Structures are given as structure tokens and as C-alpha cells.
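Chemist: Take our numbering: the last position of the sequence shown gets the number 1137, and nothing is skipped along the way.
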Amino acid sequence: MKIELLAICDAATDYQGRLNVLGVFEGIAAPKTPVVRERCCIVTRLRFGRNEVGPHQLKISLRNSKGVQLMPEMKANFSVKVPPNRASVAVNMVLNLNKLKIEEFGNHEIALSMDETLQGTVPLTVARSMKKQVRGTMDN
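#1: Considering Asn1093, what are the terminal residues of the beta strand (DSSP E) in which it resides?
#2: Residue range of the beta strand (DSSP E) that Met1111 falls in?
#3: Which same chain residues end up closer than 7 Å to Val1032 when comparing Cβ atoms and leaving out the 5 residues on each side of it in sequence?
#4: On the three-pair Cβ rule with 8 Å, is the region 1100-1120 touching the region 1048-1059?
#5: Taking contact to mean 3 or more Cβ pairs, one atom from each stretch, closer than 8 Å, check whether the region 1007-1017 and the region 1058-1071 are in contact.
#6: How big is the Cα-Cα spacing for Asn1137 and Val1021?
#7: Roughly how many whole angstroms lie between the Cα atoms of Leu1003 and Ser1126?
#8: Using DSSP bridges, identify the partner residues of Thr1041.
#9: From which residue to which residue does the beta strand (DSSP E) around Leu1059 run?
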């Protein structure tokens, strides 16, 4: 399995195998904690080869720099099928998060595990902002 995309963004859809992603970000700035992001998505595009057909379990977690979970893990069970005329297949997943609440400033990470093995991470920084509202960008 190869991770082609792992990101957090404002919105995403998967329509007939086409992954539409809007507003990818790597950090949130806010004047105080807890920081609540009303709506966002974690998106993945994973490529599986012929030798990886069958059932799998995807697990996404958000954790701080000490490895402490900042929200419940999200799990998805799915089965991979590769058409006979193809060497591999891409699987898209959109995980919608409503009212994502992060209790602390710092460098966090989104981790993707497949079948109980960590496959990759991306950073999510939550920083103190001088502005009075939550911002999706890191500029101050």
C-alpha cells in the first residue's frame, strides 16, 4: 500500500472515484484553547497492488507530540479489489469532522495506520494567534 495523499482540509468529496479537495492546511491559529474547528475533513488516497487484495482496516488518529490521543481514533473496514486489467487500484476516503476540538497548543500529527501498522503521518500545528478569531492559516 502506498499513501498518495494524506491531508486535513476544509472540505472534500469523493464522486465516482474522483477526489475533490478544498483548502488543505497544516495549522490552525487561535487566541486561546480549546480550539474548535466547526468543520474539516481528513482525506486519504491509498494505492493497493494485486498482492494486497482483500480486507483491510484503516485507522486515523490525531495525537500530540507526546503521543497522547487528542480525539477518538477513526476506523474504517474495507475490502480491496483490483480489476483484472489493472496492476493497482486507488481507494479514496473522506473522513468528515464536525466540531473538532483541540485542547492544547503545539505540534500535533495525524497518523494513518493500515492493519495495525503505522504507514505515515502529517503535521497539524495549533498556534496562539494575536487575532481574536480562529484562523485556518498560520500567519499572525
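Ideal Cβ positions, reconstructed from N, Cα and C, are used throughout, including at glycine. None of these values were measured; they are calculated from a predicted model.
Modeler: Quick look at the numbers:
#1: Element bounds for Asn1093: Ser1085 to Ile1099.
#2: Residues Gly1103 to Met1111.
#3: Close CB contacts of Val1032 within its chain, under the 7 Å cut and outside five residues either way in sequence, are with Ile1025, Ile1099, Val1123 and Val1131 (chain order).
#4: The region 1100-1120 makes contact with the region 1048-1059; the number of CB pairs closer than 8 Å reaches 3 or more.
#5: Note that the region 1007-1017 does not touch the region 1058-1071; fewer than 3 beta-carbon pairs, one per stretch, sit closer than 8 Å.
#6: With a pLDDT of only 40 at Asn1137, under the threshold of 50, the placement of this residue in the model should not be trusted, and no figure is reported.
#7: Each residue's Cα considered, the two are about 26 Å apart.
#8: BP columns for Thr1041 point to Leu1003 and Met1090.
#9: Here the beta strand (DSSP E) through Leu1059 covers Gly1051 to Arg1060.
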